[in-house]
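When we follow my numbering, the leftmost residue of the sequence shown carries the number 209, and every step to the right adds one.
Idealized CB from N, CA, C, for every residue including glycine.
All remarks here apply to the structure that follows.
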Amino acid sequence: MRNRAGERGRFHVGTGLSLAEARRKAEDDRKKIRDGADPTAERRAARQRARAAREGVGTLGALVEDYFTTGPGSTLRRAKKTNQLIKTVFGKVLAVPLLDVKRPTLQLIADEWPSRHSAALAVRSIRPCLKWAEKRKMAQVGISDLEPPAAPRKRERVLTEDELKGIWPHLQGSHGEVMKWLLWTGCRLNEAAGMTFGEIQADRWTIPAVRSKSKRERVIPLPTQAIALFHSRGGGDYDSLVFPSGRGGALSNWDRITKALQQRSGTS
């Protein structure tokens with residue numbers, strides 16, 4: 209065939225084809241070649257991408273891993289969990305060369321995922337990663353234009369009076385006292401677990417912007433139960449944690465503690 213410049217060249221259309229299939233492929237290639245494309249080079253590049261993918265290079269999985277460990281996503285507070293969620297939902301195509309991954313494929317995977325809420329979160333999390341790859345010509349243009357399968361639902365679940373009665377006797381130690389603080393103040397876990405003695409003044413608790421989800425300083429009026437618990441901690445330096453671990457650091461293992469509490473109290 210002749211290319212756009214009028215130069216003749218040989219182009220491989222495939223093997224094991226019938227005459228009619230070969231003619232169809234040749235005609236398709238001829239149109240592409242007249243537009244300046246090189247089907248042979250494209251197929252060669254695809255084979256190279258497949259070889260690299262077998263070694264774990266240039267795949268969707270490699271992109272996600274790099275983005276959330278050393279790239280822009282590594283600064284996110286939940287980078288590790290976000291990385292794992294994306295790999296779980298889009299696990300079918302992690303080993304596929306990134307340039308061969310198509311948007312409809314990702315969309316269908318998300319649409320068919322059993323948990324629509326998890327799929328929606330995975331889609332919102334992977335879009336910045338794919339946009340970053342698009343700008344660097346590492347992925348097809350438009351691949352990041354994914355639609356979350358379901359809008360996030362507002363939480364409407366509240367603890368019943370019987371559930372509160374069931375768990376209260378088992379809220380012991382520093383972990384248990386933090387949980388009581390959550391119930392008394394309506395704050396978030398990291399806000400309570402990271403609280404220092406200097407943040408409490410009389411019956412007011414000032415949550416600094418750096419530990420607030422809204423990134424704004426907030427002042428919380430404290431009920432008498434919370435004030436009594438605070439004074440029972442014995443006091444400490446301005447920057448000392450009110451609820452430290454045994455080694456003096458921040459409390460951890462919340463998942464294990466919560467499961468043990470549910471087992472002891474017969475709640476879920």
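Please report how far the alpha carbon of Gly-402 lies from the alpha carbon of Ala-347, in whole angstroms. Between the C-alpha atoms of Gly-402 and Ala-347 there is a straight-line separation of about 41 Å.
Any beta-carbon of chain D closer than 8 Å to the one on Leu-306? Although the question refers to chain D, the structure presented lacks it and comprises just one protein chain.
What residue does the alpha helix (DSSP H) around Thr-296 start on, and which one ends it? In this chain, the alpha helix (DSSP H) harbouring Thr-296 covers 287 to 297.
What would DSSP say about Thr-414, mapped onto helix, strand or coil? DSSP places Thr-414 in strand when its eight states are reduced to three.
Complete beta strand (DSSP E) runs within the segment 361 to 445 (minimum length 3 residues, chain order): Entirely contained in the segment 361 to 445, the beta strand (DSSP E) runs reaching 3 residues are, in chain order, 412 to 415, 426 to 429.
Pro-357 in three-state terms, based on DSSP: Looking at Pro-357 - three-state DSSP - the assignment turns out to be coil, as it is neither helix nor strand.
Does the beta-carbon of Arg-419 have 16 or more other beta-carbons within 10 angstroms, so that it is buried, or is it exposed? Buried is the call here.
Cα-Cα, which of Gly-299, Pro-377, Thr-404 is closest to His-439? Closest option to His-439, judged by alpha-carbon separation, among Gly-299, Pro-377, Thr-404: Thr-404.
For Ala-417, which residues in the same chain have their Cβ closer than 7 Å to its Cβ, ignoring the five residues on either side in sequence? Closer than 7 Å at the Cβ level, and outside the excluded window around Ala-417, lie Lys-423, Arg-424, Glu-425.
Given a cut-off of 8 Å on the beta-carbon distance, is the pair Ala-341 and Leu-397 in contact? No. Outside cutoff.
CB-CB under 8 Å to Lys-233, same chain, minus the five flanking residues each way: which ones, in chain order? Closer than 8 Å at the Cβ level, and outside the excluded window around Lys-233, lie Val-221, Gly-222, Leu-225.
Which partner residues of Leu-314 appear in the DSSP bridge assignment? Under the DSSP definition of a beta bridge, Leu-314 lacks any partner.
Just list the residues that DSSP pairs Thr-277 with in beta bridges. In the DSSP output, where bridge partners are listed per residue, Thr-277 has none listed.
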